[in-house]
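Student:
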Amino acid sequence: MVPQSVITQVSDSSGVNAISNVSSSGYGFYDWLFKCHGFWHNATLIIPSFLFVFYLALQARHSLLKVSLARSYIIISYNLCLCLVTLLNLAWCFLQAWECTSGRELTWNLLSLFTTSGMLFLEVSLLAFLLQGNNAGGLEAMKRTFGISTLVVGLDILLKAIYLFVFGIPLFVDSNDHTHHGKWNLWVVHKLLLTAVYGFIMFMYHSGWKETLPAKIAFYKYVAIMFIFNAIATLACGLAGTHAAFAFWLYRVTVVFYHAFYLPFLYTTFLADFFQEENFHLENVYYSEMKDAGFFDTDWE
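If you're matching positions, the sequence shown starts at 0 in numbering that gives the first Met the number 0 and goes up one per residue.
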């Protein structure tokens, strides 16, 4: 027979362990909500991303109809890519706790790598598509657009993978760490290249090459906003390399705003406005060509 004292000790030990487990799980939730990045950081990321996914779900039937009737291969492909990247970005926003969890560094870096690469693919393919001008609606244009985007994003993934797995630099673990100077050098180059591209397009708008760009005020506003945003991000990354606390805070703000608002901004600027007008323009072009070819001569007699 087991002595009563032993039973009491076992019971007490089990109770302590249970309380310890509950406390640790409760602390983990509290740490994610308030200490990892803070409540407002997580709310600013999750709420806009979730609302955007919810909006896309409500518009799914209309979007499927629009995609099925679209004559432009690029519009169909871009809508599908946007849906996939949006879901991936939502997962990234919800799993912020991984960044602050011991043993999750590799998983977090991989998730961040694929999420940011997907968003970069949309960004690069959009510019490549629009810079093709009036020849942007066919299958060949889609091949050129996605060919350029795949090459650029593929090189970007390769370079970041080398930093992550060869040099062991945690690119996507944002802490004011003084030991990884190469991380900020890479981000400065990355943001500086994007700033240069948007700056060059803005220069084209004020030069003799203006006629080669889409005559859409929405496109110009998009380029101007992204130029300013990437210029601020470049400055933040450069100053963060000097371990300035304000620069690190500014860099975190740019990351939050990019993941929370870039995809809705992209959708409202182009997929919900610009591309619809472009598709309507293509239909008018097809109608004019058919009319010039005499398909509607009987209707005019």
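Ideal placement from N, C-alpha and C gives every residue a C-beta, glycine not left out. If you're wondering where the values come from, they're calculated on a predicted model, not measured in any experiment.
Determine whether the beta carbon atoms of tyrosine 250 and alanine 235 lie at a separation below 8 Å.
Tutor: A contact, by the Cβ cut-off of 8 Å.
Student: Taking the C-alpha atoms as reference points, what is the distance between leucine 125 and alanine 217?
Tutor: Looking at the two C-alpha atoms, the distance is approximately 13 Å.
Student: Only counting the same chain, and skipping five residues up and downstream in sequence, which positions put a Cβ closer than 7 Å to that of threonine 233?
Tutor: Here the set comprises Val187, Lys190, Leu191, Thr194.
Student: Where does the unbroken alpha helix (DSSP H) through cysteine 236 begin, and where does it stop?
Tutor: It spans 216 to 239 - the alpha helix (DSSP H) in which cysteine 236 sits, taken as one unbroken run.
Student: Assuming methionine 118 contacts tyrosine 266 (C-beta within less than 8 Å), just tell me the rounded distance between them.
Tutor: Incorrect: roughly 12 Å between the Cβ atoms, too far for contact.
Student: What does the Cβ neighbour count give for tyrosine 77, buried or exposed, with the cut at 16 atoms within 10 Å?
Tutor: With 16 or more other Cβ atoms within 10 Å, it is buried.
Student: Starting from the Cα of alanine 56, find the closest Cα among Gly37, His40, Thr85 and give me that residue.
Tutor: Nearest option by C-alpha distance: Thr85.
Student: Beta-carbon separation of leucine 121 and leucine 81 under 8 Å?
Tutor: Closer than 8 Å, so yes.
Student: What separation, rounded to the nearest whole angstrom, lies between the Cα atoms of glycine 25 and leucine 109?
Tutor: Low confidence applies here, because glycine 25 scores a pLDDT of 42, under 50, leaving its location unreliable; read the following figure in that light. Spanning the two alpha carbons is a distance of roughly 27 Å.
Student: Return yes when the Cβ of leucine 112 is within less than 8 Å of the Cβ of lysine 182, no when it is not.
Tutor: No, the Cβ-Cβ distance between lysine 182 and leucine 112 is not below 8 Å.
Student: Since I believe leucine 129 is in contact with proline 263 (beta carbons under 8 Å), could you give me their beta-carbon distance rounded to a whole number of angstroms?
Tutor: Proline 263 to leucine 129, Cβ: 19 Å. No contact.
Student: Between the region 147 to 155 and the region 196 to 209, do three or more beta carbon pairs fall short of 8 Å?
Tutor: Cβ pair count under 8 Å is below three, so no.
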